[in-house]
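S.K.: 223 is the number of the first residue of the sequence shown in the numbering used here; add one for each residue after it.
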Amino acid sequence: MLTLDSKLPAVGTTIFSVMSALAAEHGALNLSQGFPDYAVDPKLIGLVERYLGAGTNQYAPMTGVAVLRERIQEKFQRVHGLLVDAEQEITVTAGGTEAIFTTIAALIRPGDEVISFEPAYDCYAPAVTLFGGTMRPVRLVAPEFAVDWDYVKSLITPRTRLIIVNNPNNPACRVFSMADIAALAEMVQNHNIFVLSDEVYEHLVFDDIQPQTLLRHPLLRERTFVVGSFGKLLHATGWKVGYCVAAPALMAEFRKVHQFNVFSVHTPTQYAIADYLADASHYENLGRFFQQKRDFLLAGLHDSRFRVYVPQGTYFIVLDYSAISSAPENEFVRELVIQHRLATIPLAAFYHDGFSQQCVRVCFAKQQETLQQAVELLCAV
Ligand code: PMP
Numbered sequence: 223m224l225t226l227d228s229k230l231p232a233v234g235t236t237i238f239s240v241m242s243a244l245a246a247e248h249g250a251l252n253l254s255q256g257f258p259d260y261a262v263d264p265k266l267i268g269l270v271e272r273y274l275g276a277g278t279n280q281y282a283p284m285t286g287v288a289v290l291r292e293r294i295q296e297k298f299q300r301v302h303g304l305l306v307d308a309e310q311e312i313t314v315t316a317g318g319t320e321a322i323f324t325t326i327a328a329l330i331r332p333g334d335e336v337i338s339f340e341p342a343y344d345c346y347a348p349a350v351t352l353f354g355g356t357m358r359p360v361r362l363v364a365p366e367f368a369v370d371w372d373y374v375k376s377l378i379t380p381r382t383r384l385i386i387v388n389n390p391n392n393p394a395c396r397v398f399s400m401a402d403i404a405a406l407a408e409m410v411q412n413h414n415i416f417v418l419s420d421e422v423y424e425h426l427v428f429d430d431i432q433p434q435t436l437l438r439h440p441l442l443r444e445r446t447f448v449v450g451s452f453g454k455l456l457h458a459t460g461w462k463v464g465y466c467v468a469a470p471a472l473m474a475e476f477r478k479v480h481q482f483n484v485f486s487v488h489t490p491t492q493y494a495i496a497d498y499l500a501d502a503s504h505y506e507n508l509g510r511f512f513q514q515k516r517d518f519l520l521a522g523l524h525d526s527r528f529r530v531y532v533p534q535g536t537y538f539i540v541l542d543y544s545a546i547s548s549a550p551e552n553e554f555v556r557e558l559v560i561q562h563r564l565a566t567i568p569l570a571a572f573y574h575d576g577f578s579q580q581c582v583r584v585c586f587a588k589q590q591e592t593l594q595q596a597v598e599l600l601c602a603v
């Protein structure tokens, strides 16, 4: 008798697919999944077309095309004043997702423990489970989503192998303070613990906040794998090109997994992105670009019945509906779609135990028209 004993029995269809399908069924405005509804810069499209036609259509080097790795190196230098080695410390990946999966695959063995912070992006835990690790989630609560570092420290055991952070955090929309980073560094410094720093929203920070990377901290430099995503940087989530940056010894292990999983990433797109990033304003202006959208929503929702948590980063915003309904999040988001034609994501989807605190997440990577419609729909709730 053929039986497939699932390695991921608890995994079902993601909430993003569920909400997008529900939105389509009810003709609702879809602010659930995180992707732009406006066009990619035609200049970038033109570059991809040019490289498609220029014969760069065979396997790229396993680590990524050299010119793109050099651009990523330049970006680290320019933005963070940090020198990373393009040859030994940077690998181009199939999106941030592959970089996350590959890091976990390279590090985690059965019995290892992984500390993460919830609300958390959904691809961390399944990868840890696949490789026999156990998640030790730390629950962060709205509106501050503050980390109690003493509590985190109490979770460390001899089996702790990895700490996963997402900074800026999706969906909490918070950015670590210098004190948070110092506490993290101090906590791991005398342990054999690595850090996976998901920094895909690095440039999407607002007000006076500057982009940060954990690699800048001297104690974290040797033990941190940083993950980036050109999907976020270039408003092109469908291209699935990202990167990982880590110290040479860490990157050597990362590449052993990447080599036999993905091997290499779409060649013409890599060349196109490299050319496009020669103009640093394309990422340096991202914070301003998204802040306008955030501020439009904040102003528009001022008179709504939602309590709005002002995001420090990412292209999401958390809305607290406790003044509107006492329904749990999973029910409230269905009501929003069916009665108000608006699709959002329950924050509970980002907690392993479905912790519900009457909050939903809305994506504002949308054109002005969509945001205007969103404001009208939300103010009518
Ligand atoms: N990390 C976080 C926090 C994300 O929000 C996303 C995309 N939604 C990713 C990683 C994955 O990035 P990519 O689309 O480049 O695989």
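Glycine included, every Cβ here is placed at the ideal spot set by N, Cα and C.
The structure presented is a predicted model; accordingly, all values stated were derived computationally and were not measured.
For Leu442, count neighbouring C-beta atoms within 10 Å of its own C-beta (all shown protein chains included) and say buried if the count is 16 or more, exposed if not.
M.R.: buried
S.K.: Cβ of Ser547 versus every heavy atom of ligand 1: is any distance shorter than 6 Å?
M.R.: no
S.K.: Of all the options Phe476, Met400 and Glu475, which has the alpha carbon lying nearest to the alpha carbon of His439?
M.R.: Met400
S.K.: Which first and last residues belong to the beta strand (DSSP E) in which Ala511 is found?
M.R.: For the sequence presented, residue 511 should be read as Phe rather than Ala. It is not in any beta strand (DSSP E) - Phe511 instead sits in the alpha helix (DSSP H) that spans Leu508 to Gly522.
S.K.: Is the beta carbon of Ser451 sitting closer than 7 Å to the one on Gly460?
M.R.: Result no, Cβ atoms of Ser451 and Gly460 do not sit closer than 7 Å.
S.K.: Count the C-beta pairs between the segment 486-496 and the segment 394-413 that are closer than 8 Å, then say yes if the count reaches three, no if not.
M.R.: no
S.K.: Quick one: does the C-beta of Gly275 sit closer than 6 Å to a heavy atom of ligand 1?
M.R.: no
S.K.: In chain order, which alpha helix (DSSP H) runs of at least 4 residues are fully inside the segment 299-360?
M.R.: 317-329 and 346-352
S.K.: With DSSP as the reference, label Ser547 as helix, strand or coil.
M.R.: coil
S.K.: Quick check: what's the CA-CA separation for Ala250 versus Ala404?
M.R.: Taken atom to atom, the span from the alpha-carbon of Ala250 to that of Ala404 is near 44 Å.
S.K.: According to the neighbour-count rule (16 or more other Cβ atoms, all chains shown, within 10 Å of its Cβ), is Lys297 buried or exposed?
M.R.: buried
S.K.: Compare the beta carbon distance of Glu335 and Thr351 with 7 Å and say whether it is the shorter of the two.
M.R.: no
S.K.: Looking only at its chain, what residues have a beta carbon closer than 8 Å to the beta carbon of Thr379, apart from the 5 residues adjacent to it on each side?
M.R.: Glu335
S.K.: Tell me the rounded alpha-carbon separation between Gln590 and Ala243.
M.R.: 24 Å
S.K.: Classify Ala500: buried if its beta carbon has 16 or more other beta carbons within 10 angstroms, exposed otherwise.
M.R.: exposed
S.K.: Can you tell me the Cα-Cα spacing of Asn388 and Gln561, whole angstroms?
M.R.: 34 Å
S.K.: Based on the DSSP output, what are the partners of Ala565 in its beta bridges?
M.R.: Answer is Asn252.
S.K.: Please report the distance separating the alpha-carbon of Gly275 from that of Met241.
M.R.: 38 Å
S.K.: Does at least one heavy atom of ligand 1 sit under 6 Å from the Cβ of Thr446?
M.R.: Not under cutoff, so the answer is no.
S.K.: If you follow the beta strand (DSSP E) that Asp372 is part of, which residue opens it and which one closes it?
M.R.: Not the beta strand (DSSP E): Asp372 falls in the alpha helix (DSSP H), residues Trp371 to Ser376.
S.K.: Taking the runs of the alpha helix (DSSP H) that are 4 residues or longer, which of them lie wholly in the segment 460-493?
M.R.: 470-483
S.K.: Using a 10 Å radius around the Cβ and a threshold of 16 neighbouring Cβ atoms, would you call Glu311 buried or exposed?
M.R.: buried
S.K.: How far does the beta strand (DSSP E) with Ile385 in it extend, from its first residue to its last?
M.R.: Thr382 to Asn388
S.K.: Note the first and the last residue of the continuous alpha helix (DSSP H) segment covering Cys601.
M.R.: Gln590 to Cys601
S.K.: Check whether the Cβ of Gly453 lies closer than 6 Å to any heavy atom of ligand 1, and answer yes or no.
M.R.: Within the cutoff, so yes.
S.K.: If I measure Cβ to Cβ from Val374 and keep anything under 6 Å in the same chain, skipping five residues before and after, which residues do I get?
M.R.: Val360
S.K.: I believe Tyr423 touches Thr536 by the beta-carbon criterion, under 8 Å. Please report the beta-carbon distance rounded to the nearest angstrom.
M.R.: 4 Å
S.K.: Any heavy atom of ligand 1 closer than 6 Å to the CB of Thr315?
M.R.: no
S.K.: So Lys515 packs on Phe586, CB below 8 Å; how close in whole Å?
M.R.: 5 Å between Cβ atoms; contact.
S.K.: For ligand 1, is there a heavy atom less than 6 Å away from the beta-carbon of Thr319?
M.R.: yes
S.K.: For the segment 523-533 and the segment 554-573, state whether three or more C-beta atom pairs, one from each stretch, are separated by less than 8 Å.
M.R.: no
S.K.: Terminal residues of the continuous alpha helix (DSSP H) containing Val410?
M.R.: Met400 to Val410
S.K.: From the DSSP secondary-structure annotation, give me the bridge partner or partners of Phe447.
M.R.: Leu418
S.K.: Check whether the Cβ atoms of Ala571 and Ile237 sit closer than 7 Å, and answer yes or no.
M.R.: yes
S.K.: Can you tell which of Leu508, Phe447, Gly509 and Val603 has its C-alpha closest to the C-alpha of Thr313?
M.R.: Phe447
S.K.: Spatial neighbours of Ala429 within its chain, please: CB distance less than 8 Å, with the 5 preceding and 5 following residues excluded, ordered by chain position.
M.R.: Note on residue identity: the sequence assigns Asp, not Ala, to residue 429. Excluding sequence neighbours, Asp429 sits near Gln513 and Gln534.
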